[in-house]
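S.K.: One structure is given below, represented as structure tokens, and several questions about it will come after.
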Amino acid sequence: MEEKPHLTIKPKKGWQLIDFKELIEYRDLFYFLVAREIKVRYKQTVLGGLWAIIQPFFMMIVFTLFFGNLAKVPSDGIPYPIFNYSALVAWTYFANAISYSGNSLIQNTALISKVYFPRLVAPLAPVLAFLLDFCIAFIILIGMMLYYHIYPTIMTLFLPLLVILMMFTASGVGMILAALNAKYRDIRYVTPFLVQFWMFASPVVYPVSMLPEKYHLIYAINPMTGVIEGFRSALLGTVAFPTQMLLVSALVSVILFIVGALYFKRTERYFADVI
Amino acid sequence: MSNPVVKVNNLSKRYRIGAAEKGYKTFRETIMEGISAPVRNFGRLRSLTKFKDGQEEDVIWALKDVSFEIDEGEVLGIIGRNGAGKTTLLKVLSRITEPTSGFAEIQGRVSSLLEVGTGFHPELTGRENIFLNGAILGMRKKEIERKFDEIVDFSGVKKFIDTPLKRYSSGMQVRLAFSVAAHLEPDILLVDEVLAVGDAEFQKKCLGKMEEVAKEGRTVLFVSHNMLSLQNLCTRGILLESGQISMDDSITNTIGKYLDLGRERSGEVCWASPEVAPGNERVRLKAVRVVSEDVVTAEVDISKEFRIEVDYWNLEADDRRFVSLFLHDSMGVCLLHSANFPSVSLVPDPWYTRPYPRGLFRTSCTIPGALLNDGPHSISVYIHATVNDNIIATRDILVFYVRDTGMMGKEYTDKWVGAMRPRLGWETNQLD
């Protein structure tokens, strides 16, 4: 006979940390929500999963045309298309993950107001679900590397860490946006701007080396700088592995995640009342 | 031996209701209001979750110091009018929203059913939705796999189980949704008015399932407006009035007290000014009354005809209006629904086709004597602009009694059963 759970319902005071035990308890729901996110995304489309490739690929064509060919932006000694696409794979993931994550509570209003589950599941599901798109887009990157005869360095072993860094950053930003969005619907209009500005604040269309060396560490406060520069260094061998920059980026990313989680946990108590 | 599995202690929940915005006056004011809107909006949104101590005008207590216990295996019914705090109580107990103060302790696995089909996605197949919905309701994946066939059988949509939900009829969706819900096996089940779905046959099936659950010895907390199903399922009843418990007794006694609620003994309910009356900027109710022999009364002689009068302000010119009435008996069974449509009137109401100017109107409905049985009856008033446009929809706004003063009970003085007691054409003939 298993012991019956005991539950106390009372107003929570102050800041809460993530209740990992509870998240594990609800792992099946988490799994189904991620699955739903993936299954539903390309339902009733003609091209289906191809959209995961089309988005970054066409961006690359446009950027190559304008920044690579017309503006002659340098690309660390490798062809501009692959220089740009390697960043776009990570960037597209990040942009989609924070947009969907930021809207996740609004999208799931019916769930939030009718049933209990750890609310964190909602913004975290898109962060996981978009990994599939990321992988699909990544395959094209491999194809391009073969085409341009560019081979990865030993630092590629750090790739999983870079992906985790990217997910951490997306989760942190997603949680903050989602929590704010529950109460202030302005966020819905802010997010597209944020994504645009943030892209130009990250080394997507230009290399980090365009900036004076002394600003590199400040530039790395943007965690996506570390992620993208790390990607290029590891896979394409453009520059030496940016260890220092990555440490700064990782630190900021962890701070973003903790702040996001704290803010989300603090505000989640009123989601059902204001959403 | 009593063994409380749910203990609720001084539970309170506070909400802020939006204060009415002032109408614009001049062009200049409109511009100024527009410029300062962001600041005001921010304050308004912020104040949704920030409360000052002390009295605030636009704050309501949806629950106020509610305390009770539920023993293991008890089936408790929660009764109350709209806005009495029933759903809020369920939401707090199922952790959807947090209480403002007080606490509750629950022992055992809780499932709450505030709605069937929560999280159903139209693009996913029936099968995928069963798993998703099951997980949302708190079932584990293995548990759903184990009960999958049973769920599909109960729903009766086996043929379409791999079809996207959007191709289902709404009835099929509801059946699938309820089937998942019906296979929950929590220790404590919190249910909000979810039985009012599907066709009559399926409703019966659902009620049967609910009874089964109740008899299995599960603890159930059941919110409903349907007195009949409350009476059938529950052993104990709690009556909520403006967020407070006003009665905690056997279900029969609690239902009795509830039906006494709002029983305006005067036979009339009226509102002094349009601002406080039910309705909106199009129509406001002014009064509803029962008139028998030209006297306003809450007691109607069973053999005499009476009139239900509805007075209302029409605030929007040149639109059509019509009024419909529902009569419910003490068990919440609807006895009749009628409206001032020509086809259901003895004499067509000339205002039925006419556009209404602004002003005060009275629509009345005469109900013949010797039609209703004796006992309390409640009136619900609807005012519509079109069949699909309900401007006012009130429930149980006024209660009146039909009394058998002896006119129709000379030979048999006990309670006549049944909803109706008309005089019928009886005759006996000797056949040989």
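Going line by line, the protein sequences match chains A and B. So for the first sequence, the working numbering puts the first residue at -11; every next one is plus one. So for the second sequence, the working numbering puts the first residue at 4; every next one is plus one. C-beta atoms are modelled at their ideal positions from N, C-alpha and C, and glycine is treated no differently.
So does the segment 162 to 174 of chain A actually touch the segment 31 to 49 of chain A, counting three or more Cβ pairs closer than 8 angstroms?
M.R.: no
S.K.: Tell me the residue span of the alpha helix (DSSP H) that contains V347/B.
M.R.: Residue numbering aside, residue 347/B sits at position 344 when the second sequence is read from its first letter. Careful: V347/B lies outside any alpha helix (DSSP H) and carries neither H nor E.
S.K.: Taking 8 angstroms as the CB-CB limit, is F403/B close to chain A?
M.R.: Here residue 403/B corresponds to residue number 400 of the second sequence, with the count starting at 1. With 8 angstroms as the cut-off, F403/B does not count as an interface residue toward chain A.
S.K.: Pick out whichever of D304/B, C273/B and N393/B has its Cα sitting closest to the Cα of T408/B.
M.R.: As a working note, residue 408/B is residue 405 in the second sequence. Put simply, of D304/B, C273/B and N393/B the residue whose alpha carbon is nearest the alpha carbon of T408/B is D304/B.
S.K.: Comparing the C-beta of Y172/A with each C-beta of chain B, is any distance below 8 angstroms?
M.R.: Here residue 172/A refers to the residue found at position 184 of the first sequence. Judged by the 8 angstroms Cβ criterion, Y172/A is in contact with chain B.
S.K.: According to DSSP, which residues form a beta bridge with I41/A?
M.R.: Walking along the first sequence from the start, residue 41/A turns up at place 53. Answer is none; I41/A lacks a bridge partner.
S.K.: Return helix, strand or coil for T33/B, following the three-state DSSP convention.
M.R.: Along the second sequence, one-based indexing puts residue 33/B at 30. In this structure, T33/B counts as helix in the three-state DSSP scheme.
S.K.: Does R257/A come within less than 8 angstroms of chain B when only Cβ atoms are used?
M.R.: Counted from its first residue, the first sequence places residue 257/A at position 269. R257/A counts as touching chain B.
S.K.: Between the segment 116 to 127 of chain B and chain A, which residues of the former have a C-beta closer than 8 angstroms to a C-beta of the latter?
M.R.: L117, E118, T121, G122, H124, E126 and L127
S.K.: On the premise that V226/B lies in contact with L93/B, defined as a C-beta separation below 8 angstroms, what is that separation, rounded to the nearest angstrom?
M.R.: Reading the second sequence from its first residue, position 90 is the one you call residue 93/B. Reading the second sequence from its first residue, position 223 is the one you call residue 226/B. The Cβ separation is near 6 angstroms, so the contact holds.
S.K.: Do we get a CB-CB distance below 8 angstroms when we pair T(-4)/A with the residues of chain B?
M.R.: Taking the first residue of the first sequence as position 1, residue -4/A is located at position 8. It does: the Cβ of T(-4)/A has a partner Cβ on chain B nearer than 8 angstroms.
S.K.: Which residues share a DSSP beta bridge with E72/B?
M.R.: For the purposes of this step, residue 72/B is taken as residue 69 along the second sequence, with counting starting at 1. For E72/B, which the question treats as bridged, DSSP gives the partners K10/B.
S.K.: Got a sec: which bits of the segment 74 to 96 of chain B sit with their beta carbon under 9 angstroms from any beta carbon on chain A, in order along the chain?
M.R.: Under the 9 angstroms Cβ criterion, the segment 74 to 96 of chain B contributes K94, V95 and L96.
S.K.: Throw me the rounded Cβ distance for the I6/A and K253/A pair, which I believe falls under 8 angstroms.
M.R.: For the purposes of this step, residue 6/A is taken as residue 18 along the first sequence, with counting starting at 1. For the purposes of this step, residue 253/A is taken as residue 265 along the first sequence, with counting starting at 1. Yes, I6/A and K253/A are in contact; Cβ-Cβ is about 7 angstroms, under 8 angstroms.
S.K.: Cβ of Y355/B within 8 angstroms of Cβ of F364/B?
M.R.: Stepping through the second sequence from its first residue, residue 355/B is reached at position 352. Stepping through the second sequence from its first residue, residue 364/B is reached at position 361. For Y355/B and F364/B, no; Cβs fall outside 8 angstroms.
S.K.: Do you know offhand how far V247/A's Cα is from G160/A's?
M.R.: Translated into positions along the first sequence, residue 247/A becomes position 259. Translated into positions along the first sequence, residue 160/A becomes position 172. Cα to Cα, the separation comes out at about 7 angstroms.
S.K.: Identify each residue in the segment 90 to 116 of chain A for which the Cβ-Cβ distance to at least one residue of chain B is less than 9 angstroms, and report them in chain order.
M.R.: If the cut-off is 9 angstroms between Cβ atoms, the segment 90 to 116 of chain A has N96, A98, L99, I100, S101, K102, V103, Y104 and F105 near chain B.
S.K.: Would the segment 395 to 405 of chain B count as touching the segment 291 to 299 of chain B if we require 3 or more Cβ pairs under 8 angstroms?
M.R.: yes
S.K.: Comparing alpha-carbon positions, which option in T121/B, G259/B and L187/B lies nearest A98/A?
M.R.: The residue you call residue 98/A lines up with position 110 of the first sequence. The option with the nearest alpha carbon to A98/A is T121/B.
S.K.: Taking the alpha-carbon positions, what's the M(-11)/A to D190/B distance?
M.R.: Within the first sequence, numbered from 1, the residue matching residue -11/A stands at position 1. Within the second sequence, numbered from 1, the residue matching residue 190/B stands at position 187. Note that M(-11)/A has pLDDT 41, beneath the 50 cutoff, so the model's placement of it is unreliable and no number is given.
S.K.: Indicate whether at least one CB of chain B lies closer than 8 angstroms to the CB of G248/A.
M.R.: Reading the first sequence from its first residue, position 260 is the one you call residue 248/A. No, no contact with chain B.
S.K.: Can you give the beta carbon distance from L223/A to T157/A, rounded, assuming they're within the 8 angstroms contact cut?
M.R.: As a first step, residue 223/A is located in the first sequence; it is residue number 235 there, counting from the start. As a first step, residue 157/A is located in the first sequence; it is residue number 169 there, counting from the start. With a beta-carbon spacing of about 19 angstroms, L223/A and T157/A fall beyond the 8 angstroms limit used to define contacts.
S.K.: Can you tell me which of the three DSSP states L224/A falls into?
M.R.: Stepping through the first sequence from its first residue, residue 224/A is reached at position 236. It is helical.
S.K.: Can you tell me whether K67/B is buried or exposed, with buried defined as 16 or more other CB within 10 angstroms of its CB?
M.R.: Reading the second sequence from its first residue, position 64 is the one you call residue 67/B. By the 10 Å Cβ count, K67/B comes out buried.
S.K.: Report, in whole angstroms, the separation of the C-beta atoms of T100/B and D195/B, which I expect to be a contact under 8 angstroms.
M.R.: Taking the first residue of the second sequence as 1, we reach residue 100/B at position 97. Taking the first residue of the second sequence as 1, we reach residue 195/B at position 192. About 14 angstroms; that fails the 8 angstroms criterion.
S.K.: If I follow the unbroken beta strand (DSSP E) through M250/B, where does it start and stop?
M.R.: Here residue 250/B corresponds to residue number 247 of the second sequence, with the count starting at 1. Per DSSP, M250/B belongs to the beta strand (DSSP E) from Q247 to S253.
S.K.: Does the beta-carbon of K(-8)/A have 16 or more other beta-carbons within 10 angstroms, so that it is buried, or is it exposed?
M.R.: Along the first sequence, read from residue 1 onward, the residue named residue -8/A stands at position 4. With fewer than 16 other Cβ atoms within 10 Å, it is exposed.
S.K.: Count the other CB atoms within 10 Å of the CB of L53/A; is the residue buried (16 or more) or exposed (fewer)?
M.R.: Within the first sequence, the letter at position 65 stands for residue 53/A. Answer is exposed; the Cβ neighbour count stays below 16.
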